[in-house]
Structure formats: C-alpha cells, structure tokens
Amino acid sequence: SSRRLDSCTLDPVTLERVREARTSSPYLILTDENFGLLKERDVQLARGIKEMSRQGWPRKLYHYSAKIVTPEVKELVEALGDLGEFGISFQTLEPEVAKKIKRTNASREDFLAYLSWAKERGITTSTEMIFGFEGETLRSYLTGMEWLLKSGVDHIYSYNLKLLSGTALASPASRESAGLKTMWRRSDRNYGRYDNQVVCEVEEVVVSSNDFSFADFMEVRCYGLFLELASGRGYLTELMALLRLLGIPAE
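With this note's numbering applied, the sequence shown corresponds to residues 452 to 702, in that order.
This is the structure:
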C-alpha cells in the first residue's frame with residue numbers, strides 16, 4: 452500500500468492503519484528504508500505486525516532495516532522472526548567506491564558476527580549489491596560477490612545502478628565525471644491499464660562508465676540472473692552451502 456506511517460508514538464490507531472492497508476496480497480511492504488531508526492517505537496510496531504500475522508495476515512513482510520545495526524534493530528528483527536529477513540545491505544564492498552558515494556557500511560567482521568547472531572536464532576539473512584557506481588569494475592564487483600557467497604548469508608541480491616531524477620548521481624556533473632552511459636527500460640511489474648489507458652513506469656539504468664564496458668554490464672546481468680535463481684530465490688541454497696563446506700568457489 453502507498454499509505455504512509457507517520458513518525459508518531461505507536462498506539463492502537465497506528466496499528467489499525469496497518470490493518471487498513473491490507474489487500475488481497477498476502478504481503479506487507481514497509482516503505483520506511485530505515486526501519487528501526489525510531490528505536491522502541493519501531494520495535495513495538497514489529498511486535499504488532501507479528502501478532503497480526505498470527506491471525507493470518509501478512510504472511511510475509513518486506514522492509515529495510517536501519518543501515519546501522521543497533522540493539523533495537525536486532526530486537527525488531529528477532530520479534531518478526533520468519534515473517535521478514537535481516538537485511539544488511541552493502542551496495543559495494545570496495546572501500547574507495549563507498550567513500551565516493553558517501554556510504555557507511557558495516558565492517559566485514561561485524562557483518563559475519565550479525566550472520567552468526569541471526570543463525571543462532573533461525574533468522575533469515577540477506578544482503579544486496581549494486582553494480583554501476585563510479586570506481587567499481589567488473590573484477591572488484593565479482594570479488595565482492597564471491598566474498599559474500601563464502602560468508603554464508605542466506606540471500607544475495609544483485610541490482611543495476613538506476614539514476615533517479617533530482618539525485619546527486621543523476622546530475623550532469625556526476626554523469627560527466629564518471630563517464631556514465633545509460634539506457635531506459637520499463638520498470639519491473641510497474642505497468643497496467645488505468646481508466647482505459649495503458650500506463651507504465653520507466654527507469655534509467657547505467658550500462659557503462661569510465662570503469663566498465665557495456666560487455667561488463669551484460670556479464671553482470673547474466674551473473675545476476677543465476678544469482679537470483681540460486682541465492683535470491685533460494686533454489687540452490689543447499690548446493691551452495693555444500694560447495695562452501697567443500698571449499699569450492701561459488702563463482
């Protein structure tokens with residue numbers, strides 16, 4: 452649902468607004484990309500949603516936890532249990548790239564500790580990477596992905612860099628500095644017929660830069676497709692776990 456949950460003290464009315472968001476879909480999506488940032492308020496909301504799920508809805512919750520893993524983030528993730536995932540996003544594992552995009556990631560040591568904590572509690576873990584940032588090469592990206600595959604995280608998602616109008620990355624200066632070349636595509640599932648008109652959304656995707664070629668972009672696309680089937684959707688999770696135990700690179 453597009454209904455917005457305001458930053459307010461949690462009360463029965465707030466949870467009622469979540470119930471009102473129910474549709475025929477068994478899924479609930481929270482568009483708050485820093486769930487847990489409001490600490491105890493978000494923990495209470497997570498507990499309320501989990502209690503609702505015991506009554507039949509939602510069957511699955513999609514959300515993004517706050518980028519910095521605090522005790523409250525752990526608490527709400529534990530409260531949700533198998534209803535959601537403990538997502539720890541990286542976007543890039545190349546330090547210089549992270550510095551250029553002004554992103555603060557968890558250290559690799561902390562990441563492994565979070566995975567261990569979640570595994571002890573039976574909580575599903577996930578992470579994501581984005582290909583296309585300035586300074587990222589095909590080799591550095593795949594090296595980062597290989598490390599994640601060996602880490603034991605349950606699900607890994609690989610995305611292409613999209614340029615959103617009004618953001619710093621989409622500015623003329625940024626495009627020129629990184630040598631960004633882009634193409635347009637229809638957004639996944641964002642289309643339909645409304646008031647007898649066919650309507651669809653499109654997105655601008657970076658397909659080459661000073662650091663990678665269009666051929667590199669296509670290679671990552673093929674890699675990402677297999678990764679989505681093997682790890683993202685989990686069809687080959689057990690095989691990948693066995694390969695890790697045998698010390699065989701998943702790449």
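Glycine included, each C-beta is placed from N, C-alpha and C at the ideal position. Being a predicted model, the structure only gives us computed values, none of them experimental.
Euclidean distance between Cα positions of residue i and residue j
| i | j | result |
| --- | --- | --- |
| Val-656 | Lys-613 | 4 angstroms |
| Phe-582 | Trp-635 | 16 angstroms |
| Gly-617 | Ser-625 | 12 angstroms |
| Tyr-686 | Ser-591 | 26 angstroms |
| Glu-654 | Leu-615 | 8 angstroms |
| Thr-633 | Trp-508 | 40 angstroms |
| Val-491 | Leu-481 | First, the residue type needs correcting, since residue 491 is Glu and not Val in the sequence shown. For Glu-491 and Leu-481, the distance between alpha carbons rounds to 17 angstroms. |
| Ala-692 | Glu-627 | 42 angstroms |
| Asp-561 | Tyr-478 | 30 angstroms |
| Arg-510 | Leu-534 | 7 angstroms |
| Cys-673 | Leu-589 | 13 angstroms |
| Val-548 | Ala-530 | 34 angstroms |
| Pro-522 | Asp-646 | 47 angstroms |
| Ser-602 | Leu-563 | 7 angstroms |
| Leu-690 | Ile-552 | 35 angstroms |
| Lys-501 | Gly-532 | 8 angstroms |
| Arg-473 | Asp-483 | 17 angstroms |
| Ser-540 | Leu-489 | 19 angstroms |
| Arg-470 | Ile-574 | 25 angstroms |
| Val-520 | Asn-611 | 25 angstroms |
| Asn-556 | Phe-584 | 15 angstroms |
| Leu-593 | Phe-663 | 13 angstroms |
Own chain partners of residue i with C-beta closer than 6 angstroms, once the 5 adjacent residues on each side are dropped
| i | result |
| --- | --- |
| Leu-466 | Gly-499 |
| Leu-527 | Gly-487, Asp-493, Val-494 and Ala-497 |
| Gly-630 | Ser-660 and Asn-661 |
| Ser-516 | Phe-486, Gly-487, Val-524 and Gly-538 |
| Phe-513 | Per the sequence presented here, residue 513 reads as Tyr, with Phe not at that position. Same-chain partners within the cutoff: Ile-480. |
| Ile-699 | none |
| Leu-680 | Tyr-686 |
| Ser-558 | none |
| Ser-424 | Past the boundaries of the shown model lies residue 424; the chain is included only from 452 to 702, so the question cannot be answered. |
Own chain, CB closer than 8 angstroms to residue i, minus 5 neighbours either side, in chain order
| i | result |
| --- | --- |
| Ile-607 | Ser-577, Thr-578, Glu-579, Met-580, Met-596, Leu-599, Leu-600, Leu-678, Ser-682 and Gly-683 |
| Arg-554 | Gln-542 and Thr-543 |
| Ser-504 | Arg-510, Leu-512 and Leu-534 |
Paired residues, beta bridge with residue i - DSSP
| i | result |
| --- | --- |
| Ser-659 | Lys-632 |
| Val-608 | The amino acid occupying residue 608 in the given sequence is Tyr; Val does not appear at that position. Bridge partners of Tyr-608: Glu-579. |
| Lys-570 | In the DSSP output, where bridge partners are listed per residue, Lys-570 has none listed. |
| Phe-486 | Ser-516 |
| Ile-480 | Tyr-513 |
| Lys-613 | Val-656 |
Beta-carbon contacts of residue i that lie in its chain and below 7 angstroms, excluding the five residues immediately before and after
| i | result |
| --- | --- |
| Glu-545 | Gly-586, Glu-587, Ser-591 and Gly-595 |
| Ser-453 | Its pLDDT being 46, under 50, Ser-453 is placed unreliably in this model, and the value from its coordinates should be taken loosely. Once the five neighbours on either side are set aside, Ser-453 has no close Cβ partner at all. |
| Ala-569 | Phe-537 and Thr-576 |
| Arg-572 | Glu-529 |
| Leu-620 | Leu-614 |
| Val-658 | Lys-632, Thr-633, Met-634, Phe-665 and Phe-668 |
| Leu-566 | Thr-576, Ser-602, Gly-603 and Val-604 |
Entirely enclosed beta strand (DSSP E) segments - the region 502-537, minimum 3 residues: 511-513
Segment contact flag, the region 664-673 with the region 636-644, C-beta cutoff 8 angstroms, min 3 pairs: no
Contiguous alpha helix (DSSP H) assignments of at least 4 residues, all confined to the region 637-686: 665-678
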